[in-house]
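*Asks:* Can you keep this structure in mind? I'll have questions shortly.
2 protein chains.
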Amino acid sequence: MPQASTFLWNRRMLLQLNCRGYATAQFMQPEPAKYAHAPALEAKTFMQPEQPYYAHHPGRFCYVKDEDDGALFSVPHAPVNREPEAFRFSVGAADAAWTVRSGGLEIELAVRLPADDVAELWTLRVRNVSGRARRLSLYPYFPVGYMSWMNQSGRYRADLGGIVCDSVTPYQKVEDWFRQRDFKDRTVLLHDRAPDAWEANQAAFEGAGGLHAPDGVLDASLGNGDALYETPVAALQYRLSLADGAAEEFHFVFAPAKDEADIVALRQRYLAPGGFAVAAAASVARLAEARGCIEIETPDPWFDAFANHWLPRQVYYHGDSNRLTTDPQTRNYLQDQMGMAYLKPSTARASFLLALSQQEDSGAMPDGILLAEGAQLKYINQVPHTDHCVWLPVCLQAYLDETGDDALLGETVADARGQVATVAERIDRAMRWLLAQRDDRGLSWIAQGDWCDPMNMVGWKGRGVSGWLSLASAHALGLWAAVCERAGRAAQVAEFRDGAASFNAAVNAQLWDGDWYARGITDDGVVFGAAHDAEGRIYLNPQSWAMLSGAADPSRQARMIAAVEAELASPHGMAMLGPPYTGMREDVGRLTQKFPGSAENGAVYNHAAAFWMHALYARGEADRAWWSLRTMLTGPDPDECLQRGQLPVFVPNYYRGAWRLHPRTAGRSSQLFNTGTAAWMYRCIIESLLGLRGDGDGLQVAPQLPSHWPRVRARRVFRGADFEVEIVRMGGLASQRVEVDGAPLLGSRISGIEPGRRYSVRVELPA
Amino acid sequence: MPQASTFLWNRRMLLQLNCRGYATAQFMQPEPAKYAHAPALEAKTFMQPEQPYYAHHPGRFCYVKDEDDGALFSVPHAPVNREPEAFRFSVGAADAAWTVRSGGLEIELAVRLPADDVAELWTLRVRNVSGRARRLSLYPYFPVGYMSWMNQSGRYRADLGGIVCDSVTPYQKVEDWFRQRDFKDRTVLLHDRAPDAWEANQAAFEGAGGLHAPDGVLDASLGNGDALYETPVAALQYRLSLADGAAEEFHFVFAPAKDEADIVALRQRYLAPGGFAVAAAASVARLAEARGCIEIETPDPWFDAFANHWLPRQVYYHGDSNRLTTDPQTRNYLQDQMGMAYLKPSTARASFLLALSQQEDSGAMPDGILLAEGAQLKYINQVPHTDHCVWLPVCLQAYLDETGDDALLGETVADARGQVATVAERIDRAMRWLLAQRDDRGLSWIAQGDWCDPMNMVGWKGRGVSGWLSLASAHALGLWAAVCERAGRAAQVAEFRDGAASFNAAVNAQLWDGDWYARGITDDGVVFGAAHDAEGRIYLNPQSWAMLSGAADPSRQARMIAAVEAELASPHGMAMLGPPYTGMREDVGRLTQKFPGSAENGAVYNHAAAFWMHALYARGEADRAWWSLRTMLTGPDPDECLQRGQLPVFVPNYYRGAWRLHPRTAGRSSQLFNTGTAAWMYRCIIESLLGLRGDGDGLQVAPQLPSHWPRVRARRVFRGADFEVEIVRMGGLASQRVEVDGAPLLGSRISGIEPGRRYSVRVELPA
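Heads up: the sequence lines are chains L and Y, in that order.
In terms of UniProt numbering, the numbers along the first sequence are unbroken and rise by one, the last being 767.
In terms of UniProt numbering, the numbers along the second sequence are unbroken and rise by one, the last being 767.
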């Protein structure tokens, strides 16, 4: 059984589903909270990759027992884990469904979320395909887990139509009560058909038999028990007699609730006839906003499905939900909204304005953007990072290119202290802050981290510097200077171009290591991420951004690319650094202790791989960029991936690296869909691979197809116009040729775009 | 299979064992930490009652597989849960052992802790009693769980002789690294015999079979696998051929370790020949300190075993380990050390001095006593409580009575600000603080809690008062006045006697409710714990302490006792309040939300029941007091308890209450052995039941036997002398008669005690 997974979300909740039936659900009240818990008191933490599933992990299951011969299985797969005759896990944009055939029965289990409500809407269908009449018991089993050490219970409530588990979120301080008193502390499983029996007590359900063969299920009837300060469960029993070919269908709502009125409302909204259909239509309608601005048809159909459907969905998830936090890291927030620029630019615009309203007087951006009243900086956002300002021009550029909304620059933004400044002025200040936060050598201080959070001991004493951040600052300044130029802000153009050049010069003087750029210099003056290091001797990001910033001349670029490919390329993609650290290096910090091959330490960290891809496209390296793109989605062999039926439905934040050190685990997906990769990948596909990038009031056309693609068709929605694009390779061409509506285009820029108009664009590329 | 449990400890660690094999271990580094974890990221919290055990709960197990027929079971019981032919769970003072007979095999599993080291020393013996030769595989299976999201791994290390699981305790802030860098972040299972195979990867061990029938165990051989940022496990396989009657023995050390040197040291210390025996001798020697100051022989042998052996062990645990916290609540710390006065008075003395060194300038005692450098007040100790000063004279009295060490009063104690004062002066200040912290009516403000932590909203606005605390203050002042009187401090005697009287008068004026004393008055002036309340209308503590403080005259005492017995008595003991709250009462607070029947809300909370017992003894109510004592240990029916083999080995902090509301769960033990009950029970047995209480330089003799005891023998160690005591009921006596060494004693006080001398005391009681 594979580990495939998907996620469903709306603005108030997230449901992560593993194909075996395990599930992790969170909802905002206003911080992330759970209504189905582990069996032990769980720590509150940020979203973790590679969740370890175990028998009592939260999940949604249905046991199926043959009442004649006692045969037992469960759908989707756990807890009984009986090998099915057929198994399908179907992932939709707004739903997920399983079809399992076992013992002559076909069971369908499906779930979707409402458009704007915290609830799971489950449908269970059972069909007898065994060629004879059957007597069955079905047991929907929704573990609720250890809700609270303060108060938890569960019971069947015929009047409310389901199992209701009550709890009180624990607290000790008086002030916490006022924060928590309106929490949805109940968990309910509501049904549309009264069960024959039920069990609300986890221990009674299992008995000595355990989850694979629970006493409650092996017995003739569930015990109709309750949980009294005991771990609750929501388990129901339906006895069915099914003629051959007959089928039955059930609906359930699994949700948190505040009180009985809330429960009654859930019932009425969803379990009245047609309730699920109405909710389904609404959730599909909501996701129409996630429809991308491109549709493509390439020689790689798996890629088409991903780029047309799954990738914009993932990008939209980020911009829509802000990863279900109340204090997204500023860096993540801005990049997520960069992705939103292609899908729902009004949200991106409002988000940029919100972020800038939290700018500090110094020009610095805070470590996180607070989205809810009373929200606080948590976890990593309590650790000072120095890169947040960089992302303002980097992300804004995409927005401006896509929308042409230069008016944004003149919008005024008031901060918490009532100070008002325009967007342009605020970005000026952010750029000046980057220019000021440098040491005597002209390199950027790293404090307790830059883009790489756990590089937390390079500069905590106030002296260590970041090579990457210096390069990223140069790139940001250069991008911003270009925007200023278009806006006629000549003084700023000069100031920021000079600033960019000084950053590049400092990096070239201090950090060029012969074949690549070093990662930084520690508090104690030690250059690291350099050839003299046995571990962590080359980092991907400085190389990517040295190409973007212009620090590296073509000859250095070529050496860097060769070094990166020699040192960091793996069958699973381009690692973030190499060789991975295997132990603590106190002058680098936490990074060096992270498992070698997970996340930042030597993994194929897709966010970094995406920067690399972006830089390669900027250099015109279409095939190298494609390799990075492809490995982010399918690993080394797309065909093999296809044959396994494991089409990508999201790009994970990493694949395990350290492939020489740990070949067994290398390439394993984190299964975590929160990643800036999605936005960058979407941007690269639109602007570089297809080469359909906005530029002032026009559209630049400059595709960079991988060489194995002779032809691509695409539809691009841009500034309200539709562009039907055909890209073909032609023998005998010296350079690209573009026709618009049959007429040759001078140069590569389509201007004078009329909203509502349909353009037919043909691009001929040299073979 | 019952839920019996026990605990082993030394000053650095605690191991809580459930008879089915589940275990919870903690060690101090310096805050409580774990080396065997749940399968999910656990919250750090205080020790919880009623731990919910589930399949993947940490535990120590051994699978046993018959290599011929594949039959499988596990010892002690989980995870296979096969019904054994015989099962014995033997609990010793310094060890625990299981003997399980299943399928013709007798398996013994035993564990003890070293005297002063963090390690579990396990012995496994298997004996073939099947009457034929057998081929077996044994699989010691020690789950290690989800160690860390930052770094975790596991592998077999032949060079170190076992499985070594590595991790890094997660952190994000630089300063935490320096706090954690010396943590023992490894978990090891070391063996004295090389296994035939092993598995260090939990998922590989289980496969699809699950814990009840792991793939690894069903296969011919464990997979010799490792865990790489995967949940580790320590599982070994030993293949044995056992002739009929033959036996084999294995030794294992399961422990945290910092590094390889640490692991090598563990091996050398314990797995060299005789290592376990040396450790066993040392741990037994250490527990000799826990030998009580009484030995009794009564008509209730179950009680003798408890009072002679288990109770002093539990009292010693509290005083020795301070419940494995670095910031024990001041109230708990003082009461725990009150118990230590009977076992190791030097520790009690040092602890009282330490507590007083943390007194605040105002005279107030802090909410917790910090025991380790860098320790901080955590959890409930961050919530202001107003009762801590009360416990100084209450606990000191026991110490002074037991030791005669009045010199303590003149010891000088410097606080953190360098201010020096004698113990007596500091207690004066604490008493004056109690006198000052009163409202206009003369009642004690409760702030966010008194003895009852979750009564956190009675007085958080600064106006609500506590009836119990006012009475407890009166009692404390009275006790302290008596000590002052003995010390010739006449001014203080008058001051504190007057103070006690004013508290009593205020309570009598404001809180007598007709048949009992109310619990308090809320911020908004509402009297609660009174007859007009539907829930929580009577609380046990105010009644107990009104007897102790002298507030209640004999007629009121009689009414109170009748009311308590009518309202609070249950088959499982005396509830702390009744009827239990069933929902939030905002002017009382968190208490009213705790599960009705757990801990403070309506449970038989033994700490409160112990105060009641103490007060009943003070009033001479021997039979009523005995009922309280007995129900704290055995529930309603000691004989039935004996027949079930469930002899008490510790007094738990509560039994579930709410017996009318929730009869199914009423009487269930919390299984939590952290409780002030132990010290109070020991004090009452010594000083009241046996009536052998120190008094100045003498010993008061005033036994209060339950009426069904015609005769008791006791040995009492007191001030270095041995008292052989025989207590008999005699017909025709009007009052107690005492003979010492054959000579009648005038009155009831033995004075002029000579250390080292043996006294023979005969007490005749009226029948």
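Each residue gets a CB set at the ideal place from its N, CA and C atoms; glycine is no exception.
Which residues, in chain order, does the stretch 10 to 43 of chain Y contribute to contact with chain L at a C-beta distance below 9 Å?
*Replies:* Ala38, Pro39, Ala40, Leu41, Glu42 and Ala43
*Asks:* Just confirm the distance between the C-beta atoms of Leu204 of chain L and Gly154 of chain L, as a whole number of angstroms; I'd bet it's less than 8 Å.
*Replies:* According to the sequence displayed, residue 204 of chain L carries Ala and not Leu. Between Gly154 of chain L and Ala204 of chain L the Cβ distance is about 11 Å, and since that is not below 8 Å, they are no contact.
*Asks:* Looking only at its own chain, which residues have a Cβ that is under 8 Å from the Cβ of Leu271 of chain L, when we skip the five neighbours before and after it?
*Replies:* Gly161, Leu190, His191, Asp192, His251 and Val253
*Asks:* How about Ser473 of chain Y and Ile446 of chain Y: do their beta carbons lie closer than 7 Å?
*Replies:* no
*Asks:* Helix, strand or coil: how does DSSP classify Val129 of chain L here?
*Replies:* coil
*Asks:* The stretch 185 to 217 of chain L: which residues have C-beta closer than 7 Å to a C-beta of chain Y, in chain order?
*Replies:* Ala208, Gly210, Leu211 and His212
*Asks:* Please list, in chain order, all residues of the same chain as Ile107 of chain Y whose beta carbon is under 6 Å from its beta carbon, the five residues on each side excluded.
*Replies:* Val75, Val100 and Val126
*Asks:* Tell me the DSSP bridge mates of Arg66 of chain L?
*Replies:* Rather than Arg, the amino acid found at residue 66 of chain L in this sequence is Asp. L:Leu136.
*Asks:* Count the other CB atoms, across all protein chains shown, that sit within 10 Å of the CB of Arg630 of chain Y; report buried if there are 16 or more and exposed otherwise.
*Replies:* buried
*Asks:* Cα-Cα, which of Y:Val264, Y:Gly698, Y:Gly589 and Y:Ala25 is closest to Gly404 of chain Y?
*Replies:* The option with the nearest alpha carbon to Gly404 of chain Y is Y:Gly698.
*Asks:* Please list, in chain order, all residues of the same chain as Pro710 of chain L whose beta carbon is under 6 Å from its beta carbon, the five residues on each side excluded.
*Replies:* Arg729
*Asks:* From the beta carbon of Met150 of chain Y, is the nearest beta carbon of chain L less than 7 Å away?
*Replies:* The beta carbon of Met150 of chain Y sits closer than 7 Å to some beta carbon of chain L.
*Asks:* Can you grab the Cα-Cα spacing for the pair Ala436 of chain Y / Phe142 of chain Y, in whole Å?
*Replies:* 56 Å
*Asks:* For the beta strand (DSSP E) containing Thr675 of chain L, list its first residue and its last residue.
*Replies:* No beta strand (DSSP E) holds Thr675 of chain L; DSSP gives it neither H nor E.
*Asks:* What span of residues does the beta strand (DSSP E) with Met28 of chain L cover, start to end?
*Replies:* For Met28 of chain L, the uninterrupted beta strand (DSSP E) segment begins and ends at Ala23 to Met28.
*Asks:* By alpha-carbon positions, which one of Y:Asn10, Y:Phe73, Y:Trp460 and Y:Asn128 ends up nearest to Ala280 of chain Y?
*Replies:* Y:Asn10
*Asks:* Please classify Gly536 of chain L as buried or exposed, where buried requires at least 16 neighbouring CB atoms within 10 angstroms.
*Replies:* buried
*Asks:* Taking Cβ-Cβ distances below 8 Å as the criterion, which residues of the stretch 164 to 179 of chain L are in contact with chain Y?
*Replies:* Val168, Tyr171, Gln172, Lys173, Val174 and Trp177
*Asks:* Just to confirm, is the Cβ distance from residue 785 of chain L to Gly667 of chain L under 7 Å?
*Replies:* This structure leaves residue 785 of chain L out entirely; chain L is present only between 1 and 767.
*Asks:* Is the beta carbon of Ala78 of chain Y less than 7 Å from the beta carbon of Gly21 of chain Y?
*Replies:* Yes, these two residues count as a Cβ contact at 7 Å.
*Asks:* Per the contact definition of three or more C-beta pairs closer than 8 Å, is the stretch 478 to 489 of chain Y in contact with the stretch 388 to 400 of chain Y?
*Replies:* yes
*Asks:* Quick one: is Lys594 of chain L buried, meaning 16 or more other Cβ sit within 10 Å of its Cβ, or exposed?
*Replies:* buried
*Asks:* Excluding the 5 residues preceding and the 5 following Val91 of chain Y in the sequence, name in chain order all residues of the same chain whose CB lies nearer than 6 Å to its CB.
*Replies:* Thr6 and Val649
*Asks:* Is there contact between the stretch 315 to 326 of chain L and the stretch 334 to 349 of chain L, where contact requires at least three CB pairs shorter than 8 Å?
*Replies:* Yes, they touch.
*Asks:* Counting only Cβ-Cβ distances shorter than 8 Å, please list the residues of the stretch 647 to 671 of chain L near chain Y, keeping chain order.
*Replies:* Hits within the stretch, in order: Arg656, His662, Arg664 and Thr665.
*Asks:* Find out if the Cβ-Cβ distance for the pair Ser137 of chain Y, Gln237 of chain Y is shorter than 7 Å.
*Replies:* yes
*Asks:* Roughly how many angstroms lie between the CA atoms of Ala208 of chain Y and Asn81 of chain L, to the nearest whole one?
*Replies:* Rounded to whole angstroms, Ala208 of chain Y and Asn81 of chain L show a C-alpha spacing of 6 Å.
*Asks:* How many angstroms separate the CA atom of Tyr517 of chain L from the CA atom of Glu565 of chain L?
*Replies:* 14 Å
*Asks:* Of all Cβ atoms in chain Y, is any one closer than 7 Å to the Cβ of Leu228 of chain L?
*Replies:* yes
*Asks:* Using a threshold of 7 Å, state whether the C-beta atoms of Gly573 of chain Y and Val604 of chain Y are closer than that.
*Replies:* yes
*Asks:* Is the number of C-beta pairs between the stretch 444 to 464 of chain L and the stretch 581 to 597 of chain L that are closer than 8 Å three or more?
*Replies:* These segments touch.
*Asks:* Once you ignore the five residues that flank His57 of chain Y on each side, which residues in its own chain have a CB closer than 6 Å to its CB?
*Replies:* Tyr22
*Asks:* Taking 7 Å as the cut-off, decide whether the C-beta atoms of Ala658 of chain L and Pro580 of chain L are in contact.
*Replies:* yes
*Asks:* Could you check whether the Cβ of Thr592 of chain L sits closer than 7 Å to any Cβ belonging to chain Y?
*Replies:* no
*Asks:* Looking at the unbroken alpha helix (DSSP H) that takes in Arg630 of chain L, where does it start and where does it end?
*Replies:* Note, Arg630 of chain L: alpha helix (DSSP H), Ala622 to Thr634.
*Asks:* Could you spell out where the alpha helix (DSSP H) holding Leu334 of chain L opens and where it closes?
*Replies:* According to the DSSP assignment, Leu334 of chain L belongs to the alpha helix (DSSP H) that extends over Thr330 to Met340.
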